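Beneath this line is the structure, given in structure tokens, with notes to follow.
Protein chains: 2
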Amino acid sequence: MQKTRLDTARIRAARRVIDPIFLDTPLYRCEALEPDLGCMVSIKLETANPVRSFKARGTELVASLLADNGSRAAVCASAGNLGQALAWSGRGRGLDVTVVASRFATAAKLDRIRALDARLELVDGDHELARERAAAIAQHDGIRLVEDSLDIETCEGAATIGLELVGTVPSFDTVLIALGGGALATGVGHVVKAMAPEVEVICIQPLGAPAMTHSWRRRRVVTTDSTNTIADGVAGRRPIPAVLDDLLLVADDAVLVQEASIITGMRMLLEHAGLVVEPSAALGVAAILEDRDRFAGRHVVTIVCGSNVDVAAYHRWVGAAPLHRS
Amino acid sequence: MQKTRLDTARIRAARRVIDPIFLDTPLYRCEALEPDLGCMVSIKLETANPVRSFKARGTELVASLLADNGSRAAVCASAGNLGQALAWSGRGRGLDVTVVASRFATAAKLDRIRALDARLELVDGDHELARERAAAIAQHDGIRLVEDSLDIETCEGAATIGLELVGTVPSFDTVLIALGGGALATGVGHVVKAMAPEVEVICIQPLGAPAMTHSWRRRRVVTTDSTNTIADGVAGRRPIPAVLDDLLLVADDAVLVQEASIITGMRMLLEHAGLVVEPSAALGVAAILEDRDRFAGRHVVTIVCGSNVDVAAYHRWVGAAPLHRS
Numbered sequence: 049m050q051k052t053r054l055d056t057a058r059i060r061a062a063r064r065v066i067d068p069i070f071l072d073t074p075l076y077r078c079e080a081l082e083p084d085l086g087c088m089v090s091i092k093l094e095t096a097n098p099v100r101s102f103k104a105r106g107t108e109l110v111a112s113l114l115a116d117n118g119s120r121a122a123v124c125a126s127a128g129n130l131g132q133a134l135a136w137s138g139r140g141r142g143l144d145v146t147v148v149a150s151r152f153a154t155a156a157k158l159d160r161i162r163a164l165d166a167r168l169e170l171v172d173g174d175h176e177l178a179r180e181r182a183a184a185i186a187q188h189d190g191i192r193l194v195e196d197s198l199d200i201e202t203c204e205g206a207a208t209i210g211l212e213l214v215g216t217v218p219s220f221d222t223v224l225i226a227l228g229g230g231a232l233a234t235g236v237g238h239v240v241k242a243m244a245p246e247v248e249v250i251c252i253q254p255l256g257a258p259a260m261t262h263s264w265r266r267r268r269v270v271t272t273d274s275t276n277t278i279a280d281g282v283a284g285r286r287p288i289p290a291v292l293d294d295l296l297l298v299a300d301d302a303v304l305v306q307e308a309s310i311i312t313g314m315r316m317l318l319e320h321a322g323l324v325v326e327p328s329a330a331l332g333v334a335a336i337l338e339d340r341d342r343f344a345g346r347h348v349v350t351i352v353c354g355s356n357v358d359v360a361a362y363h364r365w366v367g368a369a370p371l372h373r374s
Numbered sequence: 049m050q051k052t053r054l055d056t057a058r059i060r061a062a063r064r065v066i067d068p069i070f071l072d073t074p075l076y077r078c079e080a081l082e083p084d085l086g087c088m089v090s091i092k093l094e095t096a097n098p099v100r101s102f103k104a105r106g107t108e109l110v111a112s113l114l115a116d117n118g119s120r121a122a123v124c125a126s127a128g129n130l131g132q133a134l135a136w137s138g139r140g141r142g143l144d145v146t147v148v149a150s151r152f153a154t155a156a157k158l159d160r161i162r163a164l165d166a167r168l169e170l171v172d173g174d175h176e177l178a179r180e181r182a183a184a185i186a187q188h189d190g191i192r193l194v195e196d197s198l199d200i201e202t203c204e205g206a207a208t209i210g211l212e213l214v215g216t217v218p219s220f221d222t223v224l225i226a227l228g229g230g231a232l233a234t235g236v237g238h239v240v241k242a243m244a245p246e247v248e249v250i251c252i253q254p255l256g257a258p259a260m261t262h263s264w265r266r267r268r269v270v271t272t273d274s275t276n277t278i279a280d281g282v283a284g285r286r287p288i289p290a291v292l293d294d295l296l297l298v299a300d301d302a303v304l305v306q307e308a309s310i311i312t313g314m315r316m317l318l319e320h321a322g323l324v325v326e327p328s329a330a331l332g333v334a335a336i337l338e339d340r341d342r343f344a345g346r347h348v349v350t351i352v353c354g355s356n357v358d359v360a361a362y363h364r365w366v367g368a369a370p371l372h373r374s
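So the sequence lines, in the order shown, correspond to chains A and B.
According to this note's numbering, the residues represented by the first sequence are 49 to 374, in order.
According to this note's numbering, the residues represented by the second sequence are 49 to 374, in order.
In structure tokens form, the structure reads like this:
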């Protein structure tokens with residue numbers, strides 16, 4: 049493998065910095081999903097922690113370094129999960145955290161950011177506008193701008209999931225990773241390709257937010273004018289060049305899935321695994337649903353990366369009707 | 049503490065026998081629950097494993113001992129979770145497992161028992177009739193009858209949860225434990241009272257299935273003629289004398305809660321923790337809801353012991369309406 053920006057030794061060292069409450073998360077086979085999906089399915093569950101997503105693996109690194117350097121404040125743009133995680137990690141280390149988010153972001157995520165004592169600023173636009181505003185705040189206040197996927201700590205924090213995957217017996221054939229800004233995909237992908245290169249790394253994005261997938265396919269940054277997906281956690285429009293470069297080195301494929309498949313995936317995870325997940329966390333199951341032949345007979349791990357949903361929206365999505373068997 | 053039937057050294061040794069997939073489960077503070085509950089709340093999550101309940105900690109011990117002794121078969125009565133766990137543990141060790149259950153048991157639990165290759169026999173009555181039938185099968189076939197809560201492995205398996213609780217920092221004040229047959233309560237209670245006796249052990253049962261709580265209060269076995277609760281996992285009518293004796297040594301209190309509180313507890317765990325739980329797993333939250341003053345300002349751990357629900361029933365219980373704030 050050509051060198052990514054990530055470093056495996058640093059990722060191993062990160063395990064000693066991250067609060068253990070975010071490490072060594074459940075990894076287990078879920079046979080009840082298998083008849084409908086036609087392959088062996090294991091779940092890596094990143095939701096059973098105080099912020100209900102994997103993002104704190106990265107923010108623990110960021111906040112720890114900032115505190116070690118005597119910094120007192122940080123700002124980030126977030127669709128909600130990074131902000132919640134940075135607020136949690138910062139609070140424990142005496143950092144003033146500001147989070148900039150779209151006013152259209154998931155209300156439950158915004159509520160939790162406020163509850164964790166962070167300053168929340170809403171912008172009247174999408175996530176890309178929030179990124180611009182966060183950068184302006186950082187420049188004006190002279191504080192650290194935490195940029196998801198660009199900042200190496202966000203990638204290497206996520207990469208600790210990879211360490212927990214490659215050490216397992218029995219091993220698996222494929223890992224399915226939600227693709228947004230790319231921290232999770234390049235992080236896990238780096239470790240998998242460095243330590244278990246035979247394992248296939250497949251990234252999944254919604255058809256309604258395809259910028260990074262289009263960029264991966266064309267091997268150059270492709271932006272879009274808008275996004276249209278319920279998977280708020282991965283709805284970016286402007287891929288970061290350095291992150292794309294890493295993704296090109298570690299991803300075996302990047303696929304796009306329909307909204308209907310994401311919803312069916314959420315329903316299946318509820319019905320067969322008893323898991324409430326946010327749309328981004330159902331992308332892996334959606335990818336299997338859309339291409340069963342590709343995965344038939346294989347052992348697939350899907351990373352369930354977050355569970356922060358507005359309950360009313362969740363009920364609308366999964367409904368009360370029994371799941372239609374395929 | 050007077051001696052229970054359980055042995056702390058044997059419980060420590062049990063950790064080496066139980067498949068690690070069932071051990072070291074998530075334990076984390078859930079601040080989003082705290083405004084409504086008025087105390088610090090941590091969750092011990094026993095649902096993120098292949099059988100979605102804590103029961104496999106015990107069946108791993110049972111099945112391992114049976115396999116070591118050259119046994120080929122076992123039978124148990126179950127409301128669903130023990131049967132699923134014994135089926136899982138037995139399948140991996142070449143045991144023929146028979147599960148006897150009420151035909152009124154949760155359909156999803158019965159489906160999973162069948163899917164795990166166990167023989168399932170339904171009786172036209174409640175769990176106590178299933179226990180009688182399982183005993184008859186064991187006697188007729190000359191195979192091991194696995195009796196939940198009476199068989200020491202089921203208690204000592206559950207007790208490994210206690211080991212994971214007492215070692216934590218910061219420590220907590222109270223542990224809330226669903227009370228059914230008593231394996232979970234006597235198991236966790238034994239370890240807590242042996243290793244952290246200052247921690248309060250509170251057992252919770254539904255008002256509609258109060259036999260063990262009544263027995264604990266009167267210090268003698270009290271049976272009931274029927275049960276009436278959605279908490280199928282704890283709906284016994286005939287407490288086992290030896291288990292009651294242990295419970296009298298380790299429980300600081302046993303309380304009864306209303307069905308409405310169980311349902312509110314399930315809703316709160318969905319809305320504020322993103323967790324789908326079966327009714328038995330909401331008993332702890334229900335107990336706090338019914339007596340906030342008792343727990344005010346304390347740090348309480350509640351064991352979320354299972355998530356096997358029929359999704360249609362779950363939707364009926366938690367509904368789609370937003371949670372009413374108290």
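Idealized CB from N, CA, C, for every residue including glycine.
Fair warning: this is a prediction, and the values are worked out from it, not measured in the lab.
P83 (chain A) counts as exposed, since fewer than 16 other beta carbons sit within 10 angstroms of its beta carbon. For a Cβ distance threshold of 8 Å, residue set Y76, R77, C78 and E79 of chain B lies close to P98 (chain A), ordered along the chain.
Residues of chain B with a Cβ closer than 7 Å to the Cβ of E94 (chain A) do not exist; the shortest Cβ-Cβ separation is about 11 Å. When C-beta distances to chain A are compared with 9 Å, the residues of the stretch 153–175 of chain B below that value are A156, D159, R160, A163 and L164, in chain order.
Taking CB atoms only, E212 (chain A) has no neighbour in chain B less than 8 Å away. By the neighbour-count criterion, in which 16 or more other beta carbons inside 10 Å mark a residue as buried, S219 (chain A) falls on the exposed side. Using a CB distance cut-off of 8 Å, V324 (chain A) counts as an interface residue toward chain B. Here T146 (chain A) carries a strand assignment [DSSP, helix/strand/coil].
Judged by DSSP in its simplified three-state form, S101 (chain B) adopts strand. Closer than 8 Å to the CB of S137 (chain B) there is not a single CB belonging to chain A.
For E338 (chain B), the enclosing alpha helix (DSSP H) has its first and last residue at L331 to E338. Within the model, the alpha-carbon separation for R167 (chain A) versus A178 (chain B) is close to 57 Å. Residue-level contact check: L318 (chain B) touches chain A, since one or more beta carbons of chain A fall below 8 Å from its beta carbon. Identification of residues in the stretch 117–131 of chain A having a C-beta nearer than 7 Å to some C-beta of chain B yields an empty set. For the stretch 270–304 of chain A, the set of positions with a beta-carbon nearer than 9 Å to some beta-carbon of chain B is empty. Excluding its 5 nearest sequence neighbours in each direction, A329 (chain B) has C-beta neighbours in its own chain below 6 Å: V352, C353 and G354, listed in chain order.
Checking the DSSP bridge columns, you'll see I250 (chain B) partnered with B:L224 and B:D301.
DSSP assignment within the stretch 56–127 of chain B yields the following whole beta strand (DSSP E) runs of 3 residues or more, N-terminal first: 75–77, 88–93 and 121–125.
Burial state of M88 (chain B) is buried, judged by a 10 Å Cβ sphere holding 16 or more other Cβ atoms. Distance from the CA of C203 (chain B) to the CA of T95 (chain B), rounded to the nearest whole angstrom, comes to 18 Å. Closer than 8 Å at the C-beta level to chain B, one finds these residues of the stretch 347–359 of chain A: S355, N356, V357 and V359. In the structure shown, L198 (chain B) falls within a coil segment according to DSSP collapsed to helix, strand and coil. Using a Cβ-Cβ cut-off of 8 Å, I66 (chain B) does not count as an interface residue toward chain A, since no Cβ of chain A sits closer than that to its own. By the criterion of a C-beta distance shorter than 8 Å, A344 (chain B) is surrounded in its chain by G86 and C87, once the five residues flanking it on both sides are discounted. Judged by their CB atoms, E307 (chain B) and T277 (chain B) are nearer to each other than the 8 Å cut-off. DSSP places L134 (chain B) within a helical segment (H, G or I) once states are collapsed to three. Contact of I69 (chain A) with chain B is assigned, a C-beta pair being separated by under 8 Å. Measuring C-alpha to C-alpha distances from V217 (chain A) to each of A:V349, A:A61 and A:I69 identifies A:V349 as the nearest. If the five residues before and after M316 (chain B) are omitted, its C-beta is found closer than 7 Å to the C-beta atoms of L81, D84, V333 and L371, all from its own chain and listed in chain order. Going by beta carbons, M243 (chain B) and V214 (chain B) fall inside the 8 Å limit. Of the candidates A:E246, A:S274, A:G367 and A:E108, the residue whose Cα lies closest to the Cα of P258 (chain A) is A:S274.
Per DSSP, the unbroken alpha helix (DSSP H) holding T312 (chain A) starts and ends at E307 to A321. Membership of V357 (chain B) in any beta strand (DSSP E) is not indicated, and neither H nor E is assigned to it by DSSP. As the crow flies, the alpha-carbon of A149 (chain A) is around 15 Å from that of D165 (chain A).
In this structure V236 (chain B) is in contact with I225 (chain B), their Cβ atoms being roughly 6 Å apart against a cut-off of 8 Å.
Around the CB of R160 (chain A), 16 or more other CB atoms lie within 10 Å, so the residue is classed as buried.
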